[in-house]
Amino acid sequence: MNQDTITISRLLEENKALVVESTLLRKTVERQAAVIRTLESRIAELERRLGLNSHNSSKPPSNDGLKKPPVGKNNYRRTRSPREESTRKSGGQQGHKGETLRQSAEPDTVVDHFPDQCSVCGSPLASKGGRSDLHAG
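Under the numbering used here, the sequence shown has 63 at position 69, and the numbering climbs by one with no breaks.
Now the structure itself:
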């Protein structure tokens, strides 16, 4: 019986040590869970702030940066022209005769436009004249 008593007392001591260790581990897990909750809320706030741009906040468009927003579902639509799309390229079409405003040797009317002051220094300009030999008609 002596051997059984020694075994039982040894098992009781091991049990007490395991209970203490278990209690310490539970407290550690609770602290870590609290830290995780704090970090998760901080991450959520930072991700929310990263997602802000001029479309969903009061930020000006100049703060959007150079990264263009992704195109696709649930993203912001760009304003579109009410004009219908065409298969033609912009500008004059192939074979179209262009029109150019030609200078005329004898214009219908001549209107002289002279500035009152210098655009650089602001000093008044006397009637110094200009080129009157170029005419558009």
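Yeah, the Cβ is synthetic: ideal placement off N, Cα and C, and Gly gets one too.
Using a Cβ-Cβ cutoff of less than 7 Å, which residues in the same chain neighbour ALA99 once the five nearest sequence positions on both sides are dropped? Counting from one through the sequence shown, the residue named residue 99 turns up at place 105. So the list is empty, once near-sequence residues are dropped.
Nearest-angstrom Cα distance between LEU33 and GLN26? Residue mapping note: residue 33 aligns to position 39 of the sequence shown, counting from 1. Residue mapping note: residue 26 aligns to position 32 of the sequence shown, counting from 1. Rounded to whole angstroms, LEU33 to GLN26 spans 10 Å at the Cα level.
PRO118 - partner residues in DSSP beta bridges: Translated into positions along the sequence shown, residue 118 becomes position 124. In the DSSP output, where bridge partners are listed per residue, PRO118 has GLN111.
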